[in-house]
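Undergrad: I am attaching a structure below and will ask some questions about it afterwards.
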Amino acid sequence: MSAKNSKTVDLARYCARIGYAGPLEPTSATLAGLIEHHIAKIPFENIDILLERGIDLSPAAVDAKLIGRGRGGYCFEQNGLFKRVLGAIGFHVESLAARVLWMAPTNAPPHPRTHMALRVTLDGAPWLADVGFGGGGPTSPLSLAETAPQATRHEPFRVVPRGAGVIVEAEFDGTWHALYDLSLEPLLDVDHVPSNWYTSTHPASPFRRALMVARATDDTRYALLNRRLTVRRQSGPVERRNLDAGELERTLTDTFGLPVEPEWRPLLQRIAAPAG
Numbered sequence: 118m119s120a121k122n123s124k125t126v127d128l129a130r131y132c133a134r135i136g137y138a139g140p141l142e143p144t145s146a147t148l149a150g151l152i153e154h155h156i157a158k159i160p161f162e163n164i165d166i167l168l169e170r171g172i173d174l175s176p177a178a179v180d181a182k183l184i185g186r187g188r189g190g191y192c193f194e195q196n197g198l199f200k201r202v203l204g205a206i207g208f209h210v211e212s213l214a215a216r217v218l219w220m221a222p223t224n225a226p227p228h229p230r231t232h233m234a235l236r237v238t239l240d241g242a243p244w245l246a247d248v249g250f251g252g253g254g255p256t257s258p259l260s261l262a263e264t265a266p267q268a269t270r271h272e273p274f275r276v277v278p279r280g281a282g283v284i285v286e287a288e289f290d291g292t293w294h295a296l297y298d299l300s301l302e303p304l305l306d307v308d309h310v311p312s313n314w315y316t317s318t319h320p321a322s323p324f325r326r327a328l329m330v331a332r333a334t335d336d337t338r339y340a341l342l343n344r345r346l347t348v349r350r351q352s353g354p355v356e357r358r359n360l361d362a363g364e365l366e367r368t369l370t371d372t373f374g375l376p377v378e379p380e381w382r383p384l385l386q387r388i389a390a391p392a393g
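In structure tokens, the structure reads:
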């Protein structure tokens, strides 16, 4: 196990958290293995935002939440942690920012670049690593130099050049969908602070208006949008159903592995209440 930059993250605790027992060397196999285990064990979730708790991006706070308390988080927490993990192992990794296009109407005004992703350079070649996009994000590293469709453990993805950046797309049910418009200009960690503040506090932020939870195992994607649970397996029909408050709490615990706190229950009851 590499001890490089180990002061920034406890690699042993992180690996135990995600159930990873493979090699810790800066290789493509290690990168793929870490992504696979991370997204299976640390769910995407925005519960603290809905509870008005704010999102602290300091390494100590992120590690205490995602590693120590068994919680998940959203892109700035997830990819911020993953960046430090990769750096501690010895990867060359940079932060990038993206404009989210997923589920946006084609004529919608542009959103600010509020999604954080990572570029990892291996043997001189650039790769996209993103453990923080949620239900439709890439479950494997994607080559940023390849324009043809790329297979992952789940859907095919492709990287389409546009201007000075790229559009990252995924194929769902035979149709290509744009996930985000990714700038290739590297950023400092401090550059994500105002984006995190906007995304977690602005009334127009979608994270302020809806519960979002997601994780991806070897063969299944699970996504929760308010009380609607979607289960998408590699084979078979997509399953969707609405949950009541009790089912919602059990799903957060059993499906997403989250330690439900008593303070969450009023929120879950409001979310589960049918629209009037």
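Everything in the sequence shown is counted per the working numbering, starting at 118 for the first residue and increasing by one.
For glycine and all other residues, C-beta sits at the position ideal for the given N, C-alpha and C.
Just so it is clear, the structure is predicted and the values come from calculations on it, not from any experiment.
Which ranges would you report for the alpha helix (DSSP H) in the region 271-323 if only whole runs of at least 4 residues count?
TA: Runs of the alpha helix (DSSP H) inside the region 271-323: 309-318.
Undergrad: Taking the alpha carbon of residue 301 as the reference point, which residue from 325, 233, 380, 272 has its own alpha carbon closest?
TA: Position 184 of the sequence shown, counted from the start, is the residue given in the question as residue 301. When only C-alpha atoms are compared, the closest one is 233.
Undergrad: Report the residue from 133, 366, 131 whose alpha carbon sits nearest the alpha carbon of residue 380.
TA: The count along the sequence shown starts at 1 and reaches residue 380 at position 263. Selected option, being the one with the closest Cα: 366.
Undergrad: For residue 368, name the three-state secondary structure that DSSP assigns.
TA: Numbered from 1 along the sequence shown, position 251 holds the residue referred to as residue 368. It is helical.
Undergrad: Leaving out five residues on either side along the sequence, give the residues of the same chain with a beta carbon under 7 Å from the beta carbon of residue 257.
TA: For the purposes of this step, residue 257 is taken as the residue at position 140 of the sequence shown. Answer for residue 257: 149, 152, 269, 270, listed in chain order.
Undergrad: Decide if residue 126 is buried, meaning its Cβ has at least 16 other Cβ atoms within 10 Å, or exposed.
TA: Within the sequence shown, numbered from 1, the residue matching residue 126 stands at position 9. The residue in question, residue 126, is buried, as its Cβ has 16 or more Cβ neighbours within 10 Å.
Undergrad: Hey, out of 276, 224, 250, whose CA is closest to residue 262's CA?
TA: Taking the first residue of the sequence shown as 1, we reach residue 262 at position 145. The option with the nearest alpha carbon to residue 262 is 276.
Undergrad: Buried or exposed for residue 131, going by 16 or more other Cβ atoms inside 10 Å?
TA: Residue numbering aside, residue 131 sits at position 14 when the sequence shown is read from its first letter. That one is buried.
Undergrad: Per the DSSP calculation, residue 339 is bridged to which residue(s)?
TA: Looking up residue 339 in the sequence shown gives position 222. Answer is 332, 348.
Undergrad: Under 6 Å Cβ to Cβ from residue 278, same chain only, skipping five residues before and after it: list those, please.
TA: Sequence index remark: in the sequence shown, residue 278 carries index 161 (1-based). The answer is none, since no qualifying residue turns up.
Undergrad: Please go through the same chain and pick out, in chain order, the residues whose beta-carbon is closer than 7 Å to the beta-carbon of residue 122, but skip the five residues on each side of it.
TA: Sequence index remark: in the sequence shown, residue 122 carries index 5 (1-based). Note that residue 122 has pLDDT 40, beneath the 50 cutoff, so the model's placement of it is unreliable and no number is given.
Undergrad: Who are the near neighbours of residue 286 in its chain, counting only those whose CB is closer than 7 Å to its CB and skipping five residues on each side?
TA: In the sequence shown, the residue the question calls residue 286 occupies position 169. Closer than 7 Å at the Cβ level, and outside the excluded window around residue 286, lie 274, 275, 277, 293, 294, 295, 296.
Undergrad: Taking the straight line between their C-alpha atoms, what separation do you get for residue 231 and residue 161?
TA: Along the sequence shown, read from residue 1 onward, the residue named residue 231 stands at position 114. Along the sequence shown, read from residue 1 onward, the residue named residue 161 stands at position 44. Between residue 231 and residue 161, the C-alpha separation is close to 16 Å.
Undergrad: Figure out for me which residue from 335, 354, 202 has the closest Cα to the Cα of residue 290.
TA: Here residue 290 corresponds to residue number 173 of the sequence shown, with the count starting at 1. Residue 354 is the option with its Cα nearest to residue 290.
Undergrad: How big is the Cα-Cα spacing for residue 347 and residue 165?
TA: Within the sequence shown, the letter at position 230 stands for residue 347. Within the sequence shown, the letter at position 48 stands for residue 165. Answer to the nearest angstrom: the Cα atoms are 22 Å apart.
Undergrad: If you draw a straight line from the C-alpha of residue 314 to the C-alpha of residue 167, how long is it?
TA: On the sequence shown, residue 314 is found 197 positions in, with the first residue counted as 1. On the sequence shown, residue 167 is found 50 positions in, with the first residue counted as 1. When rounded, the distance between both Cα atoms is 14 Å.
Undergrad: Look up residue 145 in the DSSP assignment and say whether it is helix, strand or coil.
TA: As a first step, residue 145 is located in the sequence shown; it is residue number 28 there, counting from the start. Helix, per DSSP.
Undergrad: How is residue 163 classed by DSSP in three states: helix, strand or coil?
TA: For the purposes of this step, residue 163 is taken as the residue at position 46 of the sequence shown. Coil, per DSSP.
Undergrad: Rounded to whole angstroms, what's the CA-CA distance from residue 193 to residue 249? Just pull it up for me.
TA: Your numbering for residue 193 matches position 76 in the sequence shown. Your numbering for residue 249 matches position 132 in the sequence shown. Their Cα atoms are separated by approximately 7 Å.
Undergrad: Going by DSSP in three states, residue 198 sits in which element: helix, strand or coil?
TA: Along the sequence shown, read from residue 1 onward, the residue named residue 198 stands at position 81. Three-state result, residue 198: helix.
Undergrad: Per DSSP, what are the beta-bridge partners of residue 237 in this structure?
TA: Residue numbering aside, residue 237 sits at position 120 when the sequence shown is read from its first letter. Answer by DSSP bridge pairing, in chain order: 210, 244.
Undergrad: Please name the residue or residues paired with residue 150 in a DSSP beta bridge.
TA: In the sequence shown, the residue the question calls residue 150 occupies position 33. For residue 150, which the question treats as bridged, DSSP gives no partner whatsoever.
Undergrad: Would you call the CB atoms of residue 283 and residue 299 closer than 7 Å?
TA: Here residue 283 is taken as the residue at index 166 of the sequence shown, counted from 1. Here residue 299 is taken as the residue at index 182 of the sequence shown, counted from 1. For residue 283 and residue 299, yes; Cβs fall inside 7 Å.
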